[in-house]
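Notes follow once the structure below has been shown.
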């Protein structure tokens with residue numbers, strides 16, 4: 001038997017199956033994000049996405065069938081990144097109130113960020129004509145974020161830290177409390193400057209105070 005003359009460095013890189021190269025997929029998503037944010041959904045084109053991503057049209061269609069699938073994939077991609085930030089907020093040192101305060105501040109920053117507002121406006125503008133796309137946007141984004149918070153609230157109740165009769169409703173309530181009077185102003189273009197840190201802190205503190213008044217676990221005994 002002879003030794004294989006190839007050195008480890010000579011081993012060719014593993015080839016991905018068609019449509020399964022994560023680097024290429026990320027390249028397409030980055031280009032699509034530029035195109036959608038600059039032009040909106042209707043004016044964005046697959047040709048424009050190809051140019052922004054630096055890929056051929058044939059390559060693009062291997063990964064995504066149409067603009068709708070690509071837009072929803074973008075929402076899911078961004079949601080994963082946002083969810084990591086929100087999970088980190090719920091793991092900060094301190095008790096239940098400190099973690100809820102960190103989460104509230106994170107959700108305020110997220111919902112008032114330029115890219116999230118832009119994507120929401122795109123979907124609102126299309127919702128009547130393309131209700132299925134609006135539903136897919138909600139399912140891939142907001143619903144997943146709320147489900148994550150709901151699971152955390154359920155775990156907090158099981159640990160005796162909160163009283164949560166309905167985790168889904170409580171998750172909605174907390175996000176609404178955190179963004180009360182702010183998010184819609186940004187969504188409708190009444191404000192464009194990022195919220196100040198002092199404003200974020202005050203909104204988060206108020207949200208936690210009101211939420212805890214309704215959901216604090218009763219003392220034992």
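Numbering (full-length UniProt numbering), first residue to last: 1 to 221. Idealized CB from N, CA, C, for every residue including glycine. If you're wondering where the values come from, they're calculated on a predicted model, not measured in any experiment.
Please report the Cβ distance between residue i and residue j, rounded to the nearest whole angstrom; I am assuming they are in contact, meaning their Cβ atoms lie under 8 Å.
i, j, result
"residue 204", "residue 91", "Actually they are not in contact, since the Cβ atoms of residue 204 and residue 91 sit about 16 Å apart, beyond 8 Å."
"residue 217", "residue 162", "6 Å"
"residue 156", "residue 107", "Actually they do not touch by this definition, with Cβ atoms about 17 Å apart."
"residue 68", "residue 52", "The Cβ separation is near 18 Å, so there is no contact."
"residue 112", "residue 182", "7 Å"
What separation, rounded to the nearest whole angstrom, lies between the Cα atoms of residue i and residue j?
i, j, result
"residue 140", "residue 43", "22 Å"
"residue 178", "residue 126", "27 Å"
"residue 116", "residue 110", "7 Å"
"residue 158", "residue 144", "21 Å"
"residue 215", "residue 171", "11 Å"
"residue 190", "residue 184", "8 Å"
"residue 231", "residue 124", "Missing from the structure shown is residue 231; the chain here goes from 1 to 221 and no further."
"residue 77", "residue 213", "35 Å"
"residue 131", "residue 198", "38 Å"
"residue 201", "residue 58", "49 Å"
Quick one: residues in its chain with C-beta nearer than 8 Å to the C-beta of residue i, no 5 flanking neighbours on either side, listed in chain order?
i, result
"residue 121", "187"
With a 10 Å radius around its C-beta and 16 neighbouring C-beta atoms as the bar for buried, classify residue i as buried or exposed.
i, result
"residue 194", "exposed"
"residue 54", "exposed"
"residue 209", "exposed"
"residue 6", "Note that residue 6 scores 47 on pLDDT, short of 50, meaning its location in the model is unreliable and no value can be drawn from it."
"residue 103", "buried"
"residue 38", "exposed"
Going by beta carbon distance, what residues of the same chain come within less than 6 Å of residue i, once the five residues before and after it are set aside?
i, result
"residue 168", "150"
"residue 100", "208"
*asked:* Closer than 8 Å is the cut-off here; do at least three beta carbon pairs connect the region 66-84 with the region 21-41?
replied: Using a C-beta cut-off of 8 Å, the region 66-84 makes contact with the region 21-41, since at least three inter-stretch Cβ pairs fall below that distance.
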